[in-house]
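Line by line, the protein sequences are chains A and B. Under my numbering, the first residue of the first sequence carries the number 1, and numbering increases by one thereafter. Under my numbering, the first residue of the second sequence carries the number 1001, and numbering increases by one thereafter. For every residue, glycine included, the Cβ atom is placed at its ideal position computed from N, Cα and C. Before any comments, here is the structure.
Protein chains: 2
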Amino acid sequence: MKENAPPKAVLLLSGGVDSSTAMAVAKSEGFEIYALSFDYSQRHCIELEAAKKVAASLGAKKHLIIKFDLREIGGSALTSEIKVPKGGAALHEIPITYVPARNTIFLSFGLAWAEVLRAENIFIGANVTDYSGYPDCRPEYIEAFERMAALATKESVEGRMRFKIIAPLINMSKADIIRKGLSLGLDYSLTWSCYDPMPGGRPCGRCDSCLFRAKGFREAGIKDPLA
Amino acid sequence: MKENAPPKAVLLLSGGVDSSTAMAVAKSEGFEIYALSFDYSQRHCIELEAAKKVAASLGAKKHLIIKFDLREIGGSALTSEIKVPKGGAALHEIPITYVPARNTIFLSFGLAWAEVLRAENIFIGANVTDYSGYPDCRPEYIEAFERMAALATKESVEGRMRFKIIAPLINMSKADIIRKGLSLGLDYSLTWSCYDPMPGGRPCGRCDSCLFRAKGFREAGIKDPLA
């Protein structure tokens, strides 16, 4: 490796507020970023277009989109015919937009790519505050994945790499995430949050993801450029 | 659930000797089997045809094949232009046929499907004796994945399911695996092992996978129906 070559990071990028902010954070910390997105037959592909824009805007070294069809597995409003709920989730309940084992699948591909790239750092925008009750966004889950990764790969088992799963936003509120991204120059008009856009491609404003986004901008005292 | 309904199991099925034998074991233990295979742009698809035959022969309740392209990630002789080595692997070295994080990716999809099916049992034919030096075939890896899975899903976090990763062959020699399969009536002519078949679709006989298979049949004192 050349001296002073920037450290490499694989970053899971959905094109939403959290993963886009995580990318801005990784960039500000000097990482060379390999952005990884997934076309998993989610209900719409506006978020993949957002991911492409964010990856380009923040200077990803490479942006890879892996395609597979989670509709065959189903079990979520995001990958089946189950309707996306509107108007706010019940408290203390994991919502129907939860996609079974999604972050585990995403991080597994991230680990594979990280091993090939010899990138020790895997960034994920997971967030436990203001989150939607997803189990695979909690710190204890992230730590368990990291422990598993240490035993899973040739590079880790042979002692050359110690993969770190880095979730820089894990304990931040949505408002703090947005403030952080803005302080780093992130253009949130490039990002996308809505689970279930209107005909014509506008955010619905009423799904959980729209509601969390709106709450974040409101609490940060900033107008959402998409609103 | 109906009384006496058989317990459900997701089973990772490549169509090789190990996963096919694991399926015969799961069947003999009374599980209703949901077989899961992957079309990951491995070098040939003969093994997927073998998986279909084995799944049908052993009465899978369903056989799902998930498709994605690991060539985009690369890093293995099985998913890139790197040549499959012939004539026996160097001892104590993880060979170039290792596919980065493959079992982690496969088990992650298995976990997703298991959650949707409400199947607590996930079978994998991983094997540490006579194995090819793959880190993600070792018991400590399997245990770490299981600990991660306990924190990863809605069903496990809410306490309704305790996913078990079951590797019934983990400490068996290839010869013992073959004896076990034969005692359960498995037809090994349906299975496929070769990494790099000859033109015309015959096993090469010289890749690691062919060599381990041949050694297993030889030590079991049985003629390989594919030989």
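**Asked** What residues from the region 1018 to 1046 of chain B come within 7 Å of chain A, judged by C-beta to C-beta, listed N to C?
**Response** Flagged: no residues at all.
field: Sufficient close CB pairs (3 or more, under 8 Å) joining the region 165 to 172 of chain A to the region 118 to 126 of chain A
entry: Cβ pair count under 8 Å is three or more, so yes.
With distances taken between CB atoms, is the gap from Pro1203 (chain B) to Arg1218 (chain B) smaller than 9 Å?
The residue you call residue 1203 (chain B) lines up with position 203 of the second sequence. The residue you call residue 1218 (chain B) lines up with position 218 of the second sequence. No, these two residues do not count as a Cβ contact at 9 Å.
* Asked: Hey, how far is the Cα of Val157 (chain A) from the Cα of Ala114 (chain A)?
  -> Residue mapping note: residue 157 (chain A) aligns to position 157 of the first sequence, counting from 1. Residue mapping note: residue 114 (chain A) aligns to position 114 of the first sequence, counting from 1. Approximately 14 Å, taken between the alpha carbons.
Item checked: Euclidean distance between Cα positions of Leu107 (chain A) and Phe163 (chain A) -> Position 107 of the first sequence, counted from the start, is the residue given in the question as residue 107 (chain A). Position 163 of the first sequence, counted from the start, is the residue given in the question as residue 163 (chain A). About 11 Å.
Pair every Cβ in the region 1186 to 1206 of chain B with every Cβ in the region 1042 to 1052 of chain B, then say whether three or more of these pairs are closer than 8 Å. Between the region 1186 to 1206 of chain B and the region 1042 to 1052 of chain B, the count of Cβ pairs shorter than 8 Å is three or higher; the stretches touch.
inquiry  = Contact between the region 144 to 154 of chain A and the region 1132 to 1149 of chain B is defined here as three or more beta-carbon pairs at a separation below 8 Å; is this criterion met?
reply    = A contact exists between the region 144 to 154 of chain A and the region 1132 to 1149 of chain B.
Selected residue, minimal CA-CA separation from Ser20 (chain A), among A:Val128, A:Leu182, A:Asp196, A:Tyr40: Counting from one through the first sequence, the residue named residue 20 (chain A) turns up at place 20. Among A:Val128, A:Leu182, A:Asp196, A:Tyr40, the Cα nearest to that of Ser20 (chain A) is on A:Leu182.
For Asp136 (chain A) versus Thr104 (chain A), is the C-beta spacing smaller than 9 Å?
-> Walking along the first sequence from the start, residue 136 (chain A) turns up at place 136. Walking along the first sequence from the start, residue 104 (chain A) turns up at place 104. In terms of Cβ geometry, Asp136 (chain A) and Thr104 (chain A) form a close pair [threshold 9 Å].
CA-to-CA distance, Gly1159 (chain B) to Pro1199 (chain B), given in whole angstroms: As a working note, residue 1199 (chain B) is residue 199 in the second sequence. As a working note, residue 1159 (chain B) is residue 159 in the second sequence. So the two alpha carbons sit approximately 52 Å from each other.
message: I believe Ala1077 (chain B) touches Lys1083 (chain B) by the beta-carbon criterion, under 8 Å. Please report the beta-carbon distance rounded to the nearest angstrom.
response: Indexing the second sequence from 1 puts residue 1077 (chain B) at position 77. Indexing the second sequence from 1 puts residue 1083 (chain B) at position 83. About 6 Å separates the CB atoms of Ala1077 (chain B) and Lys1083 (chain B); that is less than 8 Å, so the two are in contact.
Taking Cβ positions, are Ile36 (chain A) and Leu13 (chain A) nearer each other than 9 Å? Here residue 36 (chain A) refers to the residue found at position 36 of the first sequence. Here residue 13 (chain A) refers to the residue found at position 13 of the first sequence. In the sequence as displayed, the identity of residue 36 (chain A) is Leu instead of Ile. The answer is yes: Cβ separation under 9 Å.
| task | Could you tell me which uninterrupted alpha helix (DSSP H) segments, each at least 4 residues in length, are contained entirely in the region 44 to 124 of chain A, listed from first to last along the chain? | result | Whole alpha helix (DSSP H) segments, 4+ residues: 46 to 57, 102 to 117.
Q.
Determine whether the beta carbon atoms of Gly216 (chain A) and Val17 (chain A) lie at a separation below 9 Å.
A. In the first sequence, the residue the question calls residue 216 (chain A) occupies position 216. In the first sequence, the residue the question calls residue 17 (chain A) occupies position 17. Cβ atoms of Gly216 (chain A) and Val17 (chain A): closer than 9 Å.
Q.
Under 9 Å, Cβ to Cβ, is there at least one residue of chain B near Tyr195 (chain A)?
A. Looking up residue 195 (chain A) in the first sequence gives position 195. So no, Tyr195 (chain A) is outside the interface.
Out of B:Ile1177, B:Asp1208, B:Asp1196, point me to the one whose CA is closest to Ile1222 (chain B)'s CA. Residue 1222 (chain B) sits at position 222 when you count from the first residue of the second sequence. Of the candidates B:Ile1177, B:Asp1208, B:Asp1196, the one whose C-alpha sits nearest the C-alpha of Ile1222 (chain B) is B:Ile1177.
Practice task
Closer than 8 Å by C-beta to Pro1146 (chain B): which residues in its own chain qualify, once you throw out the five before and the five after it? Chain order, please.
Solution key: Counting from 1 along the second sequence, the entry for residue 1146 (chain B) is found at position 146. A small fix is needed here, since residue 1146 (chain B) is Glu in this sequence, not Pro. Excluding sequence neighbours, Glu1146 (chain B) sits near Phe1163, Lys1164, Ile1165.
- Task: Let me know if Gly1201 (chain B) comes out buried or exposed under the rule of 16 or more other beta-carbons within 10 Å of its beta-carbon.
- Result: Position 201 of the second sequence, counted from the first residue, corresponds to residue 1201 (chain B). With fewer than 16 Cβ atoms within 10 Å of its Cβ, Gly1201 (chain B) is classed as exposed.
Element boundaries [alpha helix (DSSP H), containing Leu211 (chain A)]: Counting from one through the first sequence, the residue named residue 211 (chain A) turns up at place 211. Counted as a single uninterrupted DSSP element, the alpha helix (DSSP H) harbouring Leu211 (chain A) occupies residues 208 to 220.
Which residue's Cα is closest to the Cα of Glu1029 (chain B): B:Tyr1188, B:Asp1224, B:Leu1184? Locating residue 1029 (chain B) in the second sequence gives position 29, counting from the first residue. Ranking B:Tyr1188, B:Asp1224, B:Leu1184 by Cα distance to Glu1029 (chain B) puts B:Leu1184 first.
| query | From Ala1090 (chain B) to Asp196 (chain A), what does the alpha carbon distance come to, in whole angstroms? | reply | As a position in the second sequence, residue 1090 (chain B) is number 90, starting the count at 1. As a position in the first sequence, residue 196 (chain A) is number 196, starting the count at 1. In this prediction, Ala1090 (chain B) scores a pLDDT of 48, lower than 50, which makes its location untrustworthy; no coordinate-derived value is stated.
Helix, strand or coil for Ala1227 (chain B) per DSSP?
-> One-based indexing of the second sequence puts residue 1227 (chain B) at position 227. The three-state reading of DSSP puts Ala1227 (chain B) in coil, since its state is none of H, G, I, E or B.
Selected residue, minimal CA-CA separation from Val1010 (chain B), among B:Ser1041, B:Gly1110, B:Gln1042: Here residue 1010 (chain B) corresponds to residue number 10 of the second sequence, with the count starting at 1. It is B:Gly1110.
* Asked: Using a C-beta cutoff of 9 Å, does Val84 (chain A) count as contacting chain B?
  -> As a position in the first sequence, residue 84 (chain A) is number 84, starting the count at 1. Taking 9 Å as the CB threshold, Val84 (chain A) stays off the interface with chain B.
| task | Keeping to the same chain, check which residues put their C-beta closer than 6 Å to that of Glu947 (chain B); ignore five residues upstream and five downstream. | result | Look at the range of chain B in this structure, 1001 to 1227, and you will see that residue 947 (chain B) is not part of it.
Cβ-based contacts, 7 Å cut-off: residues of the region 106 to 117 of chain A near chain B: Residues passing the 7 Å Cβ filter: Ser108, Phe109, Leu111, Ala112, Trp113, Glu115, Val116.
Would you say Ile1124 (chain B) faces chain A, with C-beta separation under 9 Å as the test?
The residue you call residue 1124 (chain B) lines up with position 124 of the second sequence. No - not a single Cβ of chain A is within 9 Å of the one on Ile1124 (chain B).
If you drop the 5 nearest sequence neighbours on each side, which residues of the same chain put their C-beta closer than 7 Å to that of Leu186 (chain A)?
-> To locate residue 186 (chain A), count along the first sequence from 1; it is residue 186. Only Ser20, Thr21, Ala24 meet the Cβ criterion.
Three-state secondary structure (DSSP) of Phe145 (chain A) = As a working mapping, residue 145 (chain A) is identified with position 145 in the first sequence. In the three-state DSSP reduction, Phe145 (chain A) falls in the helix class (H, G or I).
- Among A:Ala55, A:Thr79, A:Ala227, which has the Cα closest to the Cα of Arg102 (chain A)? Your numbering for residue 102 (chain A) matches position 102 in the first sequence. It is A:Thr79 whose Cα lies nearest to the Cα of Arg102 (chain A).
Does the beta-carbon distance from Ile1073 (chain B) to Ala26 (chain A) come in below 9 Å?
-> One-based indexing of the second sequence puts residue 1073 (chain B) at position 73. One-based indexing of the first sequence puts residue 26 (chain A) at position 26. No.
How far does the beta strand (DSSP E) with Ile165 (chain A) in it extend, from its first residue to its last?
Stepping through the first sequence from its first residue, residue 165 (chain A) is reached at position 165. Ile165 (chain A) -> beta strand (DSSP E) spans 164 to 166.
Assuming Glu29 (chain A) is part of the alpha helix (DSSP H), what are its boundary residues? The residue you call residue 29 (chain A) lines up with position 29 of the first sequence. It is not in any alpha helix (DSSP H) - Glu29 (chain A) carries neither H nor E in the DSSP assignment.
Notebook entry, point to check: Using 9 Å as the limit for Cβ to Cβ distance, is Pro1225 (chain B) near chain A?
Noted result: As a position in the second sequence, residue 1225 (chain B) is number 225, starting the count at 1. Pro1225 (chain B) does not count as touching chain A.
Determine the DSSP secondary structure at Val128 (chain A), reduced to helix, strand or coil.
-> The residue labelled residue 128 (chain A) in the question sits at position 128 within the first sequence. Coil, per DSSP.
Nearest-angstrom Cβ-Cβ length linking Ala1175 (chain B) and Ala1220 (chain B), presumed shorter than 8 Å
As a first step, residue 1175 (chain B) must be located in the second sequence, where it is residue number 175. As a first step, residue 1220 (chain B) must be located in the second sequence, where it is residue number 220. Correct: roughly 4 Å between the Cβ atoms.
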